[in-house]
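In my numbering, the protein residues as written are 179 to 491. So the structure is just underneath, and the comments pick up after that.
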């Protein structure tokens, strides 16, 4: 590729993804693990989308957001997992330059979009519990569409900025990315450029994304808890909290795994890869389970679908 100072991104045609370092005899087992969990991601999220679309009782703002959450979970897993599975069994383990750009862009897009959709869901629960008489007016169909569209717009803008600074760097002779997908941090490690600006942009984006979404979620639940505690009936308090427990579980799972990924010491890349597997595979697998197990409407809709299938058979 030439001398260190002379290599730039225009001369890079592909990268090598190291993947998760395991003994060769465990490659098949790792592939099987990815395959099973990814199949569960597909099954769970497609089932959730199908139930929400087909059951008229779930035609509400909360389930509109939940359907979009399932689309996002399914999408960012699909952006990364199939390529990672191919590379597990492959000797070359390469990804084209364009493929790497696309993977990082889509991964960042869906990750940021999910954070904003979860904030919109918290606002929805706040209105439902604290202002129930105004719920149908405030949470109109047009507002829900605007909130989801705005979430995707924020994800698109942040992704454009992220890939612009990441792939404007010059790269050294090594094309080896020590990860199983294209992420900005391991890409920076093979750059010959000064990455200070990249880190500042990444930090700024993280603050602009995490701070407002966390504030909306925390403030919404402060009002929700305050309102629920004023309910005299224990049954009423239990019912109000049950409508929020699934969302709180998903929020905790998302921010917990993301924190695990990005707070893992950079000198321990293998631990960071394991943390990434939790976020990319296990979180999208568990989200539909959390909602289906904790939500009476979803369970009733699933029973209805299963009963129809039994009748047809």
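All residues carry an ideal CB built from backbone N, CA and C; glycine is no exception.
Within the model, the alpha-carbon separation for residue 391 versus residue 202 is close to 42 Å.
In this structure, DSSP gives residue 274 an extended state, which the three-state scheme calls strand.
Check the Cα spacing between residue 357 and each of 206, 238, 278 and 334: the tightest is with 278. Counting C-beta atoms within 10 angstroms of its own C-beta, residue 346 has fewer than 16 neighbours from the protein chains shown and is therefore classed as exposed.
Between residue 250 and residue 295, the CB-CB gap stays under 8 Å. Looking at the DSSP output, residue 320 shares a beta bridge with no other residue. Setting aside the 5 residues that flank it on each side, residue 267 is surrounded in the same chain by 205 and 209, each with a C-beta closer than 7 Å to its C-beta; the list follows chain order. Around the beta carbon of residue 292, a 10 Å sphere encloses 16 or more other beta carbons of the protein chains shown; the residue is thus reported as buried.
Following the DSSP letters along the chain, one finds residue 251 inside the alpha helix (DSSP H) bounded by residues 239 to 267.
The alpha helix (DSSP H) runs lying completely inside the stretch 344 to 429 and spanning 4 residues or more are 362 to 367 and 374 to 407, given in chain order.
In the structure shown, residue 233 adopts coil according to DSSP, grouped into three states.
In the displayed model, residue 194 falls within a strand according to three-state DSSP. A Cβ-Cβ separation of about 6 Å places residue 359 in contact with residue 281 under the 8 Å criterion. Residue 387 places its beta carbon 8 Å or farther from that of residue 428. Using a 10 angstroms sphere on the CB of residue 400, the tally of other CB atoms stays under 16, which defines it as exposed. Linking residue 465 to residue 368 through their CA atoms gives a straight-line distance of about 35 Å. The straight-line gap separating the alpha-carbon atoms of residue 310 and residue 432 is approximately 28 Å.
In the same chain as residue 272, and ignoring 5 residues on each side of it, the C-beta atoms closer than 6 Å to its own belong to 192 and 194, in chain order. With respect to residue 257, residue 285 sits close: the two C-beta atoms are nearer than 8 Å. Residue environment analysis places residue 229 among the buried positions, since at least 16 neighbouring C-beta atoms fall within 10 angstroms of its C-beta. The shortest C-alpha to C-alpha distance from residue 242 to any of 319, 218 and 260 is the one to 319. Cβ-Cβ distances below 7 Å link residue 239 to 302, 317 and 322 in the same chain, with the five nearest sequence neighbours on each side left out; the list follows chain order. With respect to the 8 Å criterion, residue 253 and residue 288 are classified as neighbours on the basis of their beta carbons.
Beyond the five residues adjoining it in sequence on each side, residue 447 comes within less than 8 Å, by CB distance, of 356, 357 and 364 in the same chain, given in chain order. In this model, residue 436 and residue 454 are separated by some 8 Å (Cα to Cα). Taking each of 217, 438 and 275 in turn and checking the Cα distance to residue 263, the smallest one comes out for 217.
Ranked by Cα distance from residue 450, the options 440, 459 and 458 are led by 440. In this structure, the beta-carbon distance from residue 297 to residue 385 does not fall below 8 Å.
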